[in-house]
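So, in structure tokens, the structure goes:
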């Protein structure tokens with residue numbers, strides 16, 4: 001019978017579909033192609049050599065049954081089982097017919113109609129089942145494609161995730177490097193700031209030097225002059241004593257005594273100036289000591305004024321002082337407060353000088369410094385001390401008023417100001433002394449800086 | 456001779472009085488002191504023509520010696536007082552400005568009193 005090789009080829013086609021195109025195992029490929037070739041061989045033999053038909057028919061039966069058995073047995077071919085169910089009745093019916101025919105041909109002849117009907121039913125069954133199976137296979141295929149798609153998407157997601165992770169770690173490394181670079185820059189900036197603070201100190205010392213030279217020159221002149229006068233007076237006194245003129249000698253002695261007092265006074269004045277200069281250049285001892293704030297303010301007012309005069313001969317300003325003598329000594333770090341006062345005064349002089357340069361009409365540049373003791377209500381011994389530096393310069397515009405205490409902020413032309421004066425002053429007053437540094441200013445009318453210290 | 460000394464240092468008064476004590480005693484020189492340019496001007500306004508010689512410091516708070524010199528030379532023509540300027544630095548710039556403003560003579564700090572006395576004798 002010709003049917004078996006044809007069925008075998010069809011079954012093999014179903015088996016083939018159980019695998020994905022790309023990954024058919026090698027042994028299965030061999031089985032598939034081998035079996036297909038064998039089926040075609042059987043078919044050709046059957047068609048061409050009449051004498052071989054009986055053997056080919058039996059080989060076809062065995063081959064077909066073996067294929068079906070293999071199909072039911074192998075888990076990998078599970079999807080082809082519904083197709084096998086379609087082929088099984090046809091295969092069995094014709095196998096049985098052939099066996100019966102081989103054993104007793106007359107029996108077959110007697111029952112031929114029944115066998116034919118069974119064969120037809122088996123064929124109808126086969127076709128129906130194949131249609132169902134085909135549908136199922138299509139559904140399975142669809143499902144498989146879906147799974148494949150999901151797997152593909154999943155794979156892409158994984159790849160993207162891995163890529164992102166690499167990117168994230170790269171960015172993290174970048175950020176870490178940036179952070180380290182910034183930390184490095186910050187520490188460099190801190191070092192630079194320390195250097196700038198030192199140079200600001202040196203710059204203000206330079207401003208002081210000329211003022212100090214002038215300030216020392218005056219007392220030294222007095223010391224020299226009164227000493228010379230005393231030499232003269234002493235020889236006069238000797239002459240008077242020699243002449244027996246006691247009264248004149250006594251008058252001369254009193255003059256000498258007065259002059260000695262002047263010499264001592266001016267000697268001490270020079271001494272104080274030198275000490276002040278040393279104190280200013282020395283780094284702050286950080287130790288608070290009882291200090292006469294009025295004397296300190298007065299000293300630095302003169303130094304600031306003469307310092308500017310030394311730099312610019314045309315500079316001139318009226319200075320006013322108003323000191324509260326009830327303050328007495330207060331506990332402060334003198335060189336630090338001195339630095340603040342000097343800075344405020346230098347700024348004030350600078351402000352009035354700027355206004356003078358730009359004013360054509362009459363303008364009297366005036367800088368004043370005052371001190372005031374303010375009792376705290378309710379506290380018997382508690383009080384505050386206010387040190388106020390006022391100028392009648394151009395004032396500070398509102399838009400920069402909150403910037404003036406920031407480090408490196410300056411309105412002076414490049415190279416003339418470090419921008420550290422006020423920020424240093426602010427730190428000294430607030431951090432160093434727990435006080436306040438306030439500014440009040442009206443555009444065009446001048447500025448007022450107020451230091452408030454608790455005592 | 457009446458001399459007006461202008462300086463912001465108060466002890467200048469004592470110093471001059473001591474240095475010139477013989478001249479003061481003999482009535483040769485009469486000193487008047489002012490401690491600022493403004494004070495000097497108000498003195499001159501009240502005591503017209505009295506000061507024959509004005510000795511002025513250049514570096515003073517408020518009105519500077521140069522400003523004072525300028526005002527004196529503008530206001531007082533007859534007889535023009537002799538103005539001698541004293542400067543702490545003896546610098547060329549102040550010297551030049553003072554000369555332009557009509558300063559009659561110059562002294563440098565520290566004041567050499569022997570030289571000053573010589574100058575006063577010539578002025579006399």
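Residue numbers (the working numbering), protein chains in the order written: chain A, 1 to 455; chain B, 456 to 579.
Every residue, glycine too, gets a C-beta built ideally from N, C-alpha and C.
Please read all numbers here as calculations on a predicted model, not as lab measurements.
| query | result |
| --- | --- |
| Between which two residues does the alpha helix (DSSP H) harbouring residue 555/B extend? | 547-555 |
| Specify whether the region 433-442 of chain A and the region 177-190 of chain A touch according to this definition: at least 3 beta carbon pairs, one from each stretch, less than 8 Å apart. | no |
| In chain A, which residues lie with their C-beta within 8 Å of the C-beta of residue 483/B? | By Cβ distance, chain A contributes nothing, its closest Cβ being about 17 Å from residue 483/B, past 8 Å. |
| In angstroms with no decimal places, state the Cα-to-Cα distance between residue 310/A and residue 519/B. | 13 Å |
| For the beta strand (DSSP E) holding residue 458/A, just list the boundary residues, first then last. | Residue 458/A lies beyond the stretch modelled for chain A, which goes from 1 to 455, so this question has no answer here. |
| Are the CB atoms of residue 509/B and residue 536/B within a distance shorter than 9 Å? | yes |
| Any residues in the region 461-481 of chain B with a beta carbon nearer than 7 Å to a beta carbon of chain A? Which ones, in chain order? | 464, 466, 469, 470, 473, 474 |
| Considering only residues of the same chain and omitting the five flanking positions on each side of residue 560/B, which have a CB-CB separation below 6 Å? | 539 |
| Could you list which residues in chain B have their beta carbon closer than 7 Å to that of residue 224/A, in chain order? | 565 |
| Could you pull the DSSP bridge partners for residue 221/A from this structure? | Residue 221/A is not bridged to any residue. |
| Mind pulling the alpha helix (DSSP H) runs of 4 or more residues that sit fully within the region 32-110 of chain A? | 53-73, 81-103, 105-110 |
| Who are residue 460/A's beta bridge partners in DSSP? | Lying before the first or after the last residue shown, residue 460/A is absent from chain A, which here runs from 1 to 455. |
| By Cβ distance below 6 Å, which residues in the same chain neighbour residue 404/A in space, the five residues on each side in sequence not counted? | 422 |
| Less than 9 Å between the C-beta atoms of residue 542/B and residue 514/B, yes or no? | yes |
| Taking C-beta pairs closer than 7 Å, name the residues in chain A that residue 519/B reaches, listed in chain order. | 316 |
| Taking the C-alpha atoms as reference points, what is the distance between residue 409/A and residue 419/A? | 5 Å |
| Check distances from the C-beta atoms of the region 294-306 of chain A to those of chain B and list, in chain order, the residues that come in under 8 Å. | 305, 306 |
| I'd like to know whether the C-beta atoms of residue 394/A and residue 364/A end up nearer to each other than 9 Å. | no |
| Are any of the Cβ atoms in chain B nearer than 9 Å to that of residue 250/A? | no |
| Would you list, in sequence order, the uninterrupted alpha helix (DSSP H) runs of no fewer than 4 residues that lie entirely inside the region 231-285 of chain A? | 246-281 |
| Measuring only the C-alpha atoms, how far is residue 267/A from residue 227/A? | 11 Å |
| Restricting to Cα atoms, I'd like to know which of 174/A, 286/A, 319/A, 288/A is closest to residue 297/A. | 319/A |
| Could you check if residue 462/B is buried or exposed, using at least 16 other CB atoms within 10 Å of its CB as the buried criterion? | buried |
| Within a Cβ cutoff of 7 Å, which residues of the same chain sit near residue 14/A, ignoring the five residues on either side of it in sequence? | 80, 83 |
| Strictly under 9 Å for the Cβ-Cβ distance: is residue 568/B near chain A by that measure? | yes |
| Do you know how far the Cα of residue 388/A is from the Cα of residue 448/A? | 7 Å |
| Alpha carbon to alpha carbon, how far is residue 302/A from residue 271/A? Give it in angstroms, no decimals. | 15 Å |
| Following the continuous beta strand (DSSP E) through residue 365/A, name the residue where it begins and the one where it ends. | That residue, residue 365/A, is in no beta strand (DSSP E); it is neither H nor E in DSSP. |
| According to DSSP, which residues form a beta bridge with residue 438/A? | 450/A |
| If I'm right that residue 476/A touches residue 370/A with Cβ under 8 Å, what's the distance once you round it to whole angstroms? | This structure cannot settle anything about residue 476/A, because the visible part of chain A is limited to 1 through 455. |
| Where does the unbroken alpha helix (DSSP H) through residue 469/B begin, and where does it stop? | 466-474 |
| Give the secondary structure of residue 19/A by DSSP, where H, G and I count as helix, E and B as strand, and everything else as coil. | coil |
| Using C-beta distances below 7 Å, list every residue in its chain close to residue 61/A, excluding the 5 sequence neighbours before and after it, in chain order. | 4, 95, 98 |
| Got a sec: is the Cβ-Cβ distance from residue 229/A to anything in chain B below 9 Å? | yes |
| Out of curiosity, what's the CA-to-CA distance linking residue 134/A and residue 70/A? | 20 Å |
| Compare the C-beta of residue 319/A against all C-beta atoms of chain B and say whether one is closer than 9 Å. | yes |
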